[in-house]
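Only one structure is covered here, and it is reproduced in the block below.
2 protein chains.
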Amino acid sequence: MKELIRKVDEKLDEYMQITYPEDIFKAMKYTLMLPGKRLRPIMCLETARVLGADIELAFPAACALEMLHVQSLIHDDLPCMDNDDFRRGKPSNHKVFGEANAVLAGDALLTFAPQLIIEKSKGLSSEQIVRLLHEYTKFAGAYGLIAGQVVDIESEGGKLVKSPSETLDFIHINKTAVLFRLAVRMGAIIANASDEIIEKFDNFAKKFGLAFQIYDDIMDEISTFEELGKTVGKDKNSGKLTYVSLYGLDVAKNRFRVLIKECYAIIEEYDSSILKEILDKLNGRIGSI
Amino acid sequence: MKELIRKVDEKLDEYMQITYPEDIFKAMKYTLMLPGKRLRPIMCLETARVLGADIELAFPAACALEMLHVQSLIHDDLPCMDNDDFRRGKPSNHKVFGEANAVLAGDALLTFAPQLIIEKSKGLSSEQIVRLLHEYTKFAGAYGLIAGQVVDIESEGGKLVKSPSETLDFIHINKTAVLFRLAVRMGAIIANASDEIIEKFDNFAKKFGLAFQIYDDIMDEISTFEELGKTVGKDKNSGKLTYVSLYGLDVAKNRFRVLIKECYAIIEEYDSSILKEILDKLNGRIGSI
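Right, here's the structure in full:
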């Protein structure tokens, strides 16, 4: 796993060359190269590998996924969005490069990611590249990641078009699970997998993404509990729709455990120590609560 | 020409369906459907047509161009960029939908445009689609449009890495000419044109884009002169690098005329009343100065 993270970092550094005008490439590279878990690239690489592809073929798509992820983080952190001054422990992109450059760096990553897939996926057929780009554009845009963002922002403002549970599912599927789904789908396409196998891995990624988000919601709630010990009555006035606020902590924990179990079952037949390690880690963290 | 504009509007309306979550699709569609000259789509359609393609094949790429153009306008108008409250005579996107939605609507258009090319270009081969998307990603990103933006912003702030004339050329080629170049290149690819023909039309678009920008610079200067009659000493403190500020009005006008003449010469051999009409219009406007 560590070796794979190192390899992804190396490839990101290699693909993202600084050229004129340097400021935009530096802004793109800054957030991209902050140390991260590289979970999405690794899921893509590992899916391609267990389904029989040469892992080298999957690096462009894997790195494109990280670029897309980082793009969403850069725009998310903007003052007009979440207004976060820090990201991965460092000043966020707009704090370092200014807001205009942060907007443009995000835009540039959003087009550089598919450009990378086109230019570096040497061993893939044109049909495969079109399929990869189709998945990329669908999942990255208003039918995927951005839809999740918009509904999340609206729900924070108290605007719900659908029921709370439907809204929450929509946000989780589109904001969190979406890039895991894209990761395994692209990995499977690179391995020329059948539609049936693609859907199987998609299902794994959907469940993993939901579990990942529920874990996040539980952690949010628990750190709120801890804060409550100090600052009574501070929480819940954000009114954010989360799995815990909607269903309660116990239901959330149970749902998490069921999802993780289903994830293990789906990939059981494949020889993937990496995917199992990812599940183990997430599962282990919740076990200590 | 009018008929073609109407047809582009019709296709944009058809392609851009409003679905859940409606707010993001409405924001995307709002600026997209403001009446415009649709110059880039028309150049793409007309290039495809004169080079022998069925014009219907070119509508997805043509509309993708307008989406990309509109994306750049939406992000350009943001408070952290040009801070423009109006666009095409109407309140700009962030004034109507808020800044967060305007950022996301731009992002969504940037991925919807290539998605459209993939999904709607029925009669094209996978190789052609990959080529179209390669051109799109190169010209839309940090190697094209965004590079032009960044250098333009920096030059306004007085930061020049290259000489003023090199910087100005870079901005004009990448900020203005780039989408005309993309338009004719995509049109030519759809028509399965040879590399030689692609470069010929690219050259046309480069010259047209430069002339277009010089015209803009001249207009800027002239309206400044008019203002001077009222508010003496107001101009030039913006310090913006333009063709007129760098070379003077006479040189600018001469350069414009030479470029337009070269444009006519390049397309002379083709039976294109539309491209000639576009040149006539631009040329006619400067003739009255």
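Chains as they are written, first to last, in my numbering: chain P, 11 to 299; chain V, 11 to 299. All residues carry an ideal CB built from backbone N, CA and C; glycine is no exception.
7 Å Cβ cutoff, residue i in contact with chain V
| i | result |
| --- | --- |
| P/D117 | yes |
| P/S136 | yes |
| P/C90 | yes |
| P/L22 | no |
| P/G99 | no |
| P/H85 | yes |
| P/P125 | One point to set straight first is that residue 125 of chain P is Gln, not Pro, in the sequence displayed. Yes, its Cβ sits closer than 7 Å to a Cβ of chain V. |
| P/V161 | yes |
| P/I128 | yes |
| P/E237 | Low local confidence applies: a pLDDT of 48 at P/E237 is under 50, so the model's placement there is unreliable, with the coordinate-based value given in what follows. It does not: the Cβ of P/E237 has no partner Cβ on chain V nearer than 7 Å. |
Contact set for residue i: own chain, Cβ-Cβ below 7 Å, skip 5 residues either direction
| i | result |
| --- | --- |
| V/F222 | T186 and L292 |
| P/V242 | Because P/V242 carries a pLDDT of 32, less than 50, the predicted location of this residue cannot be relied on, and the following value inherits that uncertainty. There are no such residues. |
| V/I139 | I127, I128 and S131 |
| P/F96 | S102 |
| V/D87 | D94, R97, S102, N103 and H104 |
| V/T22 | The displayed chain sequence assigns Leu, not Thr, to residue 22 of chain V. For V/L22, where only same-chain residues beyond five positions count, the Cβ hits under 7 Å are L42, M43, C73 and E76. |
| V/V106 | Y40 |
Any C-beta of chain P under 7 Å from that of residue i
| i | result |
| --- | --- |
| V/Q27 | no |
| V/L170 | no |
| V/A110 | yes |
| V/T177 | no |
| V/G133 | no |
| V/L114 | yes |
Cutoff 6 Å; reference residue i; Cβ partners in own chain excluding five residues on either side
| i | result |
| --- | --- |
| P/A215 | F190, R191 and V194 |
| P/K240 | Because the pLDDT at P/K240 is just 37, under 50, the model does not fix this residue reliably, and the value given afterwards should be weighed accordingly. Here the set comprises nothing. |
| P/I52 | L14 |
| V/L55 | I65, A68 and A72 |
| V/L269 | K217, L220 and A221 |
| V/E201 | According to the sequence provided, residue 201 of chain V is Ala. The question's Glu does not apply to it. Same-chain partners within the cutoff: A58, L61, G62 and A63. |
| P/I181 | G158, V161 and D162 |
| V/I18 | Per the sequence shown, the amino acid found at residue 18 of chain V is Val instead of Ile. Counting only Cβ-Cβ distances below 6 Å, and skipping sequence neighbours, we find R48 and P51. |
Test: residue i CB closer than 7 Å to a CB of chain B
| i | result |
| --- | --- |
| P/F122 | In the structure shown, chain B does not exist; the protein chains are P and V. |
Other residues of its chain near residue i: CB distance less than 8 Å, five sequence neighbours each side excluded
| i | result |
| --- | --- |
| V/N213 | I276 |
| V/T177 | V161, S165, L170, V171 and L251 |
| P/Y225 | F266, L292, R295 and I296 |
| P/H85 | M91, A112, V113 and G116 |
| P/T29 | F35 |
| V/Y25 | P70, C73, L126 and K130 |
| P/Q27 | F35 |
Pairing CB atoms from the region 148-157 of chain V with CB atoms from the region 111-120 of chain P, are three or more of them under 8 Å? The region 148-157 of chain V is in contact with the region 111-120 of chain P.
What residues in the region 181-197 of chain V bring their beta carbon closer than 8 Å to a beta carbon of chain P? Cβ contacts with chain P: none found.
The region 30-44 of chain P: positions lying closer than 8 Å to chain V by Cβ: Taking 8 Å as the cut-off between beta carbons, the residues of the region 30-44 of chain P near chain V are Y30, P31, E32, D33, I34, F35 and M38, in sequence order.
Ignoring anything shorter than 4 residues, give me the alpha helix (DSSP H) runs that lie fully in the region 41-100 of chain V, in order along the chain. Runs found: 49-60 and 69-86.
4-residue-minimum alpha helix (DSSP H) runs that sit fully inside the region 138-171 of chain V, ordered along the chain: Runs of the alpha helix (DSSP H) inside the region 138-171 of chain V: 155-166.
Listed in chain order, which residues of the region 139-158 of chain P have Cβ atoms closer than 7 Å to some Cβ of chain V? Answer set for the region 139-158 of chain P: I139, V140, L143, H144, T147, K148, A150, G151, A152, I156 and A157.
Please list the residues of the region 63-83 of chain P that have a C-beta atom closer than 7 Å to any C-beta atom in chain V, keeping them in chain order. Listed by position, the residues of the region 63-83 of chain P near chain V (Cβ gap below 7 Å) amount to none.
Using a Cβ-Cβ cutoff of 8 Å, what residues of the region 270-290 of chain P are near chain V? List them in chain order. Under the 8 Å Cβ criterion, the region 270-290 of chain P contributes no residue.
Give, in chain order, every unbroken run of the alpha helix (DSSP H) that is at least 4 residues long and sits entirely within the region 187-242 of chain V. If we require 4 residues or more, the alpha helix (DSSP H) runs fully inside the region 187-242 of chain V come out as 188-200 and 205-238.
The region 35-54 of chain V contacting the region 76-95 of chain V, beta-carbon criterion three pairs below 8 Å: With a cut-off of 8 Å, the region 76-95 of chain V and the region 35-54 of chain V count as touching, because enough Cβ pairs lie within range.
Between the region 272-286 of chain P and the region 51-65 of chain P, are three or more C-beta pairs nearer than 8 Å? With a cut-off of 8 Å, the region 51-65 of chain P and the region 272-286 of chain P count as touching, because enough Cβ pairs lie within range.
Under 8 Å: do the region 27-40 of chain V and the region 103-111 of chain V share three or more Cβ pairs, one atom per stretch? The answer is yes - the region 103-111 of chain V touches the region 27-40 of chain V, with three or more Cβ pairs under 8 Å.
Between the region 196-219 of chain P and chain V, which residues of the former have CB atoms less than 9 Å from a CB of the latter, in chain order? Answer set for the region 196-219 of chain P: empty.
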